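A.B. asks: Numbering (our numbering), first residue to last: 996 to 1758.
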Amino acid sequence: MREKTSYITSLENEIVSLRRKIDSLSNTLQRQVEEAENSRQEAINWQTKMLHMQQDRDDAKERLKICMRKAEAAQAELDEAHKQLRMKDIYLRQLGAYAGEDIHMEDDARNLGDEIEQMKSELVRAADETEKWKREAQLARERYELYGTQLNQNIVQMSTKLEEMSNEKLVLESKVHTLENQIEMLQAIDRPNLANDNSICSINSVELQRMQNKLTEVTNDHQRAEQLIEELNAKLMNKELEVHSLSSALDDKKSKLMKKTAELAMVEESLSRVRSIAEDQQKHTEEALSLSEQLQNEKATVSRAIAQNRELKEQLIELQDKLIMVTQESMERESGRLSALHLVDQLRNELNRLSGQSFDGKNIDSSTASVMPNGDAYEHQQHVHYVDSRDRDETISTPSVSECYDRDMSFSHTEDTHAHTEVELANVRMVLDELRLDHRRVMQENEELRRIMEQNSEDENQNNIHVELGQAVERINALSIENEQLRNDVSMLQEKLNSASLSSNTPSSSQCDTMSPVWLNGDVVKHLEAPSIKEKPLAWTELEARFTRAMLQVADLAEEKERLQHVLMQLETENDTIGDYVTLYQHQRKKINERMREREEAVAKLSFEKEQTQQKLNELQKVLMNLLSRKGLLHINGHEKKTLGNCNGSSKCSRSVRPYSQSTKDKFSGNEETVVDGSELLVPSSPDSCIDISCEFDSGKHDDDTLRNKVKGNLEASADDDVGVQRILNLISELQDLERTRTLSPCSPNLHCSECRGKLINL
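#1: Is Leu1259 closer than 8 Å to Ser1021 when the C-beta atoms are compared?
#2: Just to confirm, is the Cβ distance from Ala1121 to Arg1052 under 8 Å?
#3: Out of curiosity, what's the CA-to-CA distance linking Leu1046 and Asn1304?
#4: According to the Cβ coordinates, are Leu1338 and Val1423 closer than 8 Å?
#5: Exposed or buried, what is Ala1300 when buried is set at 16 or more other beta-carbons lying within 10 Å of its beta-carbon?
#6: Our contact map puts Leu1174 next to Glu1009 with C-beta atoms below 8 Å; I'd like the distance itself, whole angstroms only.
#7: Taking 8 Å as the threshold, find out whether the segment 1434–1444 comes into contact with the segment 1310–1320 through three or more Cβ pairs.
#8: Where Tyr1002 and Thr1144 are concerned, what is the direct C-alpha to C-alpha distance, given to the nearest angstrom?
#9: Would you mind working out which of Glu1309, Arg1058 and Ala1550 sits nearest Asn1451, comparing C-alpha positions?
#10: Thinking C-alpha only, which one of Glu1555, Val1028 and Asn1233 is nearest Arg1482?
#11: Sort Ala1553, Ser1285, Gln1177 and Leu1497 by Cα distance to Phe1542 and report the nearest one.
#12: Using a threshold of 8 Å, state whether the C-beta atoms of Glu1110 and Ala1069 are closer than that.
#13: Check this for me: beta carbons of Arg1328 and Leu1430, under 8 Å apart or not?
#14: Output yes or no for whether 8 Å exceeds the beta carbon distance between Glu1124 and Cys1062.
#15: Between the C-alpha atoms of Asn1147 and Glu1030, what's the straight-line distance to the nearest angstrom?
#16: Leaving out five residues on either side along the sequence, give the residues of the same chain with a beta carbon under 7 Å from the beta carbon of Glu1117.
#17: Could you give the distance in angstroms between the alpha-carbon of Tyr1580 and the alpha-carbon of Glu1281?
#18: Using a Cβ-Cβ cutoff of less than 8 Å, which residues in the same chain neighbour Leu1488 once the five nearest sequence positions on both sides are dropped?
#19: Tell me whether the beta-carbon of Arg1105 lies closer than 8 Å to the beta-carbon of Met1048.
#20: State yes or no: is the C-beta of His1434 within less than 8 Å of the C-beta of Ser1325?
#21: Out of curiosity, what's the CA-to-CA distance linking Asn1369 and Thr1412?
#22: Let me make sure I understand the geometry here. Which of Leu1252, Asn1493 and Gln1133 has the alpha-carbon closest to that of Arg1015?
#23: Taking the alpha-carbon positions, what's the Ser1503 to Lys1278 distance?
#24: Whole angstroms are fine: how far does the CA of Asn1570 sit from the CA of Ala1257?
#25: With C-beta atoms as the reference, is Leu948 less than 8 Å away from Lys1083?
#26: Is it right to say Asp1454 is buried, meaning 16 or more other beta carbons lie within 10 angstroms of its own, or is it exposed?
#27: Express the C-alpha separation of Ser1287 and Val1577 in angstroms, rounding to a whole number.
#28: Per DSSP, what kind of secondary structure is Glu1667 in: helix, strand or coil?
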């Protein structure tokens, strides 16, 4: 018995130790779950870091590309500057070969050298910047690789830890199975021991009977032995009962252990669900915040778009009024043009008629011409006299004085009429040119107005999209509020359902406990039903009423839950569709903003390049004029012009060329500069020409007549150089007045997007 008690105590100790192990295992499992959650969070953080690193790497690549482009542009500018420097050196050498003053050339060369050094320093700086960006990109790439390796190591460590935990779990499960097998073996061993004890007791009774037969004298001892046997039997029964109770307790503990494991799994699942719900709620809150921010931004953009739409409508009304005025002006100009064309046709017909009458009237007598009553007849008579005079001159006749006088008068009159008609034709042509220019301008204005009207229509469509988006956003807010309310209602109904299920479980369990013995046997049920109904009719009816109410509540709650789930699904689908539309609008808005930004960058770049070219042209003009003025070529050529004018005054009038003389105004500085007469410049084309000019000036001191002759020859020789210089100045003036020629802009500044095509989709 002592062995059994010690064995039972050892079993109890083992059960306690097993419970402790189970608790420790549950604690370790909880810790491992927490560690897994932490590791998952770390993995998420590493992924976010990797995304940030990828973004930084992309930004660094973009910056590197921009720096490379800048370096290429700087290299191209440097090459262009070298090219211009070489051209200027060649030009200065050509000019320096004919003069002895080299001080100004040295200053210019020094300035050019400084510019070259500055360009080289800028190039070196750009190269340093490119190297710096390359180093930064390399460091970013290395850091990204390091983060990747660390993340892989952490993933490997977490996988090894998970494998170790799974192995420990398997080992503990095997230990539990072995302990269960040992308990079953011990129970199997206890049964034959009890049988042996019973056999020993029977043997002892036989021996006691023998002792009674043999030893009749020791009756008191026999009675004490019987009492001891009875006590032992009672103890044995008690021990058996204790063993049964221990086995039942062990079974209960096993069932509790299974329940606890199931509860632990359910708690883990609920914990994971709660975490997922918390994450979803956090995501929803973040999305709601981002949506609220986006909605505020979109509201601001919508308000601005509405204001712009109002302004554009006002501008459209003004433009329509202007269009009406312009169309009226164009109609008036067209009517004037048609009248002028009609007048030109009439004049041409009259000229043709006069010329035909002049050719046909060679054989007509002068007496018949005097009969014509109008001025055309008189002109025809004069033309006839002129033709007759020509015929008479050809036939070498001797006309009279009156005929000569008439012929002279007719000739002068025809010349006057011809000059008058030519003047009228010139005026008509000028009017036609003006009308053509006005027509072109009106057409350009019409095109601009049409473009502006198209832009206004596109802006109105965009504003409609903004308004509809605002309405959709308001609907999203209302649906989100309804969604939150429905979620709260669902949670409340879920709580009510849980409480109702708990309240229904308690009476149902009691009812099942009362009904479980009834289900054992049909006869027993029949015997027990009548007295229970007679004894407790009220409790039974109350339990039935509670049960029916609980079942009705459960059914109602289930139906309400299904309805709310259906509503939630509908709301989620609507939210998804609205989110798709919002993302589509954001994508379109982003593309439009990118195009506007690219267009602004291109316009800024073009304006900057234009300013640079304008400055370079002004500088080139100043340098050219300074060089020419320093060399004294302008003064010499003016003296030659004066001498030539003194010699050949009449020939100058007949062979004079229109000089290139005008004033150009710098658009950026506002200073007005006088451009030298292009025909008065003299640039030596070769050293021989310069030597010839110097020799002619030396000989001109002695003899003025020879000087004049030589000047004439040199002027004829340098005509080609004057034409080249005049061409250079013309090109400079054309480049400076490039803005005046650009009457039309390449793209309207008010145009929303010049690349949008296709069907417009209203959200």
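In this text, a Cβ means the ideal position worked out from N, Cα and C, and glycines have one as well. From a predicted model like this one, the values you see are computed outputs, not experimental measurements.
C.D. replies: The answer reads as follows:
#1: The residue you call residue 1021 lines up with position 26 of the sequence shown. The residue you call residue 1259 lines up with position 264 of the sequence shown. Yes. Within cutoff.
#2: The count along the sequence shown starts at 1 and reaches residue 1121 at position 126. The count along the sequence shown starts at 1 and reaches residue 1052 at position 57. In this structure, Arg1052 does not lie closer than 8 Å to Ala1121 by Cβ.
#3: Translated into positions along the sequence shown, residue 1046 becomes position 51. Translated into positions along the sequence shown, residue 1304 becomes position 309. About 41 Å.
#4: For the purposes of this step, residue 1338 is taken as residue 343 along the sequence shown, with counting starting at 1. For the purposes of this step, residue 1423 is taken as residue 428 along the sequence shown, with counting starting at 1. A contact, by the Cβ cut-off of 8 Å.
#5: Reading the sequence shown from its first residue, position 305 is the one you call residue 1300. When all chains shown are included, Ala1300 counts as buried.
#6: The count along the sequence shown starts at 1 and reaches residue 1174 at position 179. The count along the sequence shown starts at 1 and reaches residue 1009 at position 14. Taking C-beta atoms under 8 Å as the contact rule, Leu1174 and Glu1009 qualify, at a distance of about 7 Å.
#7: Touching, per the Cβ criterion.
#8: In the sequence shown, counting from the first residue as 1, residue 1002 sits at position 7. In the sequence shown, counting from the first residue as 1, residue 1144 sits at position 149. Taking the straight line joining both Cα atoms gives about 57 Å.
#9: Residue mapping note: residue 1451 aligns to position 456 of the sequence shown, counting from 1. Nearest C-alpha to Asn1451: Glu1309.
#10: By 1-based counting over the sequence shown, the position of residue 1482 is 487. The option with the nearest alpha carbon to Arg1482 is Glu1555.
#11: Numbered from 1 along the sequence shown, position 547 holds the residue referred to as residue 1542. Looking from the CA of Phe1542, the closest CA among Ala1553, Ser1285, Gln1177 and Leu1497 belongs to Leu1497.
#12: Position 115 of the sequence shown, counted from the start, is the residue given in the question as residue 1110. Position 74 of the sequence shown, counted from the start, is the residue given in the question as residue 1069. In this structure, Ala1069 does not lie closer than 8 Å to Glu1110 by Cβ.
#13: Taking the sequence shown and counting its residues from 1, the one referred to as residue 1328 is at position 333. Taking the sequence shown and counting its residues from 1, the one referred to as residue 1430 is at position 435. Yes, Cβ-Cβ distance for Arg1328 and Leu1430 is below 8 Å.
#14: Reading the sequence shown from its first residue, position 129 is the one you call residue 1124. Reading the sequence shown from its first residue, position 67 is the one you call residue 1062. In this structure, Cys1062 lies closer than 8 Å to Glu1124 by Cβ.
#15: Here the question's residue 1147 lines up with position 152 in the sequence shown. Here the question's residue 1030 lines up with position 35 in the sequence shown. If I take the Cα positions, the gap works out to 17 Å.
#16: The residue you call residue 1117 lines up with position 122 of the sequence shown. Ala1069, listed in sequence order.
#17: Working through the sequence shown from its first residue, we reach residue 1580 at position 585. Working through the sequence shown from its first residue, we reach residue 1281 at position 286. Distance between the alpha carbons of Tyr1580 and Glu1281: 20 Å.
#18: The residue labelled residue 1488 in the question sits at position 493 within the sequence shown. So the list reads Leu1552, Glu1555, Lys1556 and Leu1559, once near-sequence residues are dropped.
#19: For the purposes of this step, residue 1105 is taken as the residue at position 110 of the sequence shown. For the purposes of this step, residue 1048 is taken as the residue at position 53 of the sequence shown. Against a cut-off of 8 Å, the Cβ pair of Met1048 and Arg1105 comes out as no contact.
#20: Position 439 of the sequence shown, counted from the first residue, corresponds to residue 1434. Position 330 of the sequence shown, counted from the first residue, corresponds to residue 1325. With a cutoff of 8 Å on beta-carbon distance, His1434 and Ser1325 are scored as near each other.
#21: Residue 1369 sits at position 374 when you count from the first residue of the sequence shown. Residue 1412 sits at position 417 when you count from the first residue of the sequence shown. Its pLDDT being 43, under 50, Asn1369 is placed unreliably in this model, and the coordinates cannot settle the point.
#22: Here residue 1015 refers to the residue found at position 20 when the sequence shown is read from its first residue. Ranking Leu1252, Asn1493 and Gln1133 by CA distance to the CA of Arg1015 puts Leu1252 first.
#23: Here residue 1503 is taken as the residue at index 508 of the sequence shown, counted from 1. Here residue 1278 is taken as the residue at index 283 of the sequence shown, counted from 1. In this prediction, Ser1503 has a pLDDT of 45, which is less than 50 and means its spatial position is unreliable; nothing more can be read from the coordinates.
#24: The residue you call residue 1257 lines up with position 262 of the sequence shown. The residue you call residue 1570 lines up with position 575 of the sequence shown. Computed Cα separation, rounded: 38 Å.
#25: With the chain running from 996 to 1758 in the structure shown, residue 948 is simply not present.
#26: Stepping through the sequence shown from its first residue, residue 1454 is reached at position 459. The residue is buried, with at least 16 neighbouring Cβ atoms inside 10 Å.
#27: Residue numbering aside, residue 1577 sits at position 582 when the sequence shown is read from its first letter. Residue numbering aside, residue 1287 sits at position 292 when the sequence shown is read from its first letter. In this structure, the CA atom of Val1577 is about 12 Å from the CA atom of Ser1287.
#28: Your numbering for residue 1667 matches position 672 in the sequence shown. Per-residue confidence for Glu1667 stands at a pLDDT of 37, beneath the threshold of 50, marking its modelled position as unreliable; the derived number appears in the next sentence. Glu1667: strand per DSSP, three-state reduction.
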